[in-house]
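Colleague:
Residue numbers (the working numbering): 6 to 259.
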C-alpha cells in the first residue's frame, strides 16, 4: 500500500512539473492584447490561461498552489529575459497559484486540512466577493466589468450546495460541460491577479475597464473556458488515476 501511494505521489508531482513547464512554454504565445500582461511578442494575454485551471483540477488545492507558484516563477523568468515591460503587472505571476488553490478548493464541498474541514466552494466564493469589492470601490462607474467574476461566484456557491463529480462515461458535449464550472472558476481566479494589478498598480481608469478592456476580456475568457474544458477532458482521460476527484476524501489535504 505504501509503495502504491508513493508511486501515485510521484506521478502527481510529475504531472505538476509538466503543467508548470507547459504553462511556461505557452506563456510565449499571446492570445489577445492587455496592457502589462505577459504575452511576449505583443504584451498580450497568453494562451497559457487555458492551462491554468488544470493545476487545481488535477492536483487539488495545496499542490495546485505550489505548482502554480512554480509556473508563475517560470513565467517571471521568461518575462525578465524576453521583455521586462511584461512585469508591469507583477501580481499576474501569482495567477496560476491562486487559481490552483481556489479551483482545487471548489472540487469538493469540504476539503480536509489535517483535522480541519474547510467548505472549499464557499471559501472560493468569499475570495471572489473580495476581488469584486476591491474592484468596485474605485471603479463602480464600470461595474459590469465584474459580471464574469459574479458568474464564477454564483457557480462556487452552487458547487457548495451540490457537488459535481467527473463522469468519464458521459458522451458528447456533456463530457465537456461537466468540467466548465471548475474551468470558469480557474480562469477567473487566475485573471483576478491581473485585474488587481491593473487597478492598484497601473491605475487604469474605469472607462477603459468598461469600454476597452471588458469586450477583450469577455472574448478571451470565453475562449479560455471553452478551450480549457476540452483540454481538461483530454488530460483527465490521459491521467484518469490522478485527477483530484479520484483522490479519497481522507487524503484531500494534498
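In this text, a Cβ means the ideal position worked out from N, Cα and C, and glycines have one as well.
These numbers were taken from a predicted model, which means no experiment stands behind them.
Note down, in chain order, each residue of its chain lying with its Cβ closer than 7 Å to the Cβ of residue 195, except the 5 sequence neighbours on either side.
Modeller: On the chain shown, position 190 is the one that residue 195 refers to. Answer for residue 195: 54, 57, 100, 101, 103, 104, listed in chain order.
Colleague: Hey, quick one: how far does the alpha helix (DSSP H) through residue 142 stretch, first residue to last?
Modeller: Residue mapping note: residue 142 aligns to position 137 of the chain shown, counting from 1. Start and end: 125–144.
Colleague: Kindly indicate which residue of 133, 180, 209 has the alpha-carbon position closest to the one of residue 233.
Modeller: Here residue 233 refers to the residue found at position 228 of the chain shown. With distances taken between Cα atoms, residue 233 lies closest to 180.
Colleague: For residue 206, name the three-state secondary structure that DSSP assigns.
Modeller: In the chain shown, counting from the first residue as 1, residue 206 sits at position 201. Three-state DSSP puts residue 206 in coil, outside helix and strand.
Colleague: Where does residue 114 sit, in a helix, a strand or coil, going by DSSP?
Modeller: Counting from 1 along the chain shown, the entry for residue 114 is found at position 109. DSSP places residue 114 in coil when its eight states are reduced to three.
Colleague: Do residue 107 and residue 129 count as a contact pair if the criterion is CB distance below 7 Å?
Modeller: Translated into the one-based positions of the chain shown, residue 129 becomes position 124. Translated into the one-based positions of the chain shown, residue 107 becomes position 102. Yes. Within cutoff.
Colleague: Among residues of its own chain, excluding the 5 on either side of residue 230, which ones have a beta-carbon nearer than 8 Å to its beta-carbon?
Modeller: Within the chain shown, numbered from 1, the residue matching residue 230 stands at position 225. Within the same chain, residue 230 has close Cβ partners 185, 188, 189, 192.
Colleague: If we ignore side chains and look at the alpha-carbon of each, how far apart do residue 77 and residue 197 end up?
Modeller: Residue numbering aside, residue 77 sits at position 72 when the chain shown is read from its first letter. Residue numbering aside, residue 197 sits at position 192 when the chain shown is read from its first letter. Taking the straight line from one Cα to the other gives about 14 Å.
Colleague: Check residue 32 in the structure and name its three-state DSSP category.
Modeller: Within the chain shown, residue 32 is the residue found at index 27, counting from 1. Residue 32: coil per DSSP, three-state reduction.
Colleague: Of all the options 19, 134, 244, which has the alpha carbon lying nearest to the alpha carbon of residue 161?
Modeller: Taking the first residue of the chain shown as 1, we reach residue 161 at position 156. For the residues 19, 134, 244, the minimum Cα distance to residue 161 belongs to 134.
Colleague: Should residue 153 be labelled buried (16 or more other beta-carbon atoms within 10 Å of its own) or exposed?
Modeller: Indexing the chain shown from 1 puts residue 153 at position 148. Looking at its Cβ environment, which holds 16 or more other Cβ atoms inside 10 Å, residue 153 is buried.
Colleague: How about residue 65 and residue 109: do their beta carbons lie closer than 7 Å?
Modeller: In the chain shown, counting from the first residue as 1, residue 65 sits at position 60. In the chain shown, counting from the first residue as 1, residue 109 sits at position 104. Yes; because the gap between Cβ atoms is below 7 Å, this pair is in contact.
Colleague: Alpha carbon to alpha carbon, how far is residue 207 from residue 142?
Modeller: Locating residue 207 in the chain shown gives position 202, where the first residue counts as 1. Locating residue 142 in the chain shown gives position 137, where the first residue counts as 1. Taking the straight line joining both Cα atoms gives about 16 Å.
Colleague: Tell me, please, which residues DSSP counts as bridged to residue 122.
Modeller: Within the chain shown, the letter at position 117 stands for residue 122. Answer is 117, bridged to residue 122.
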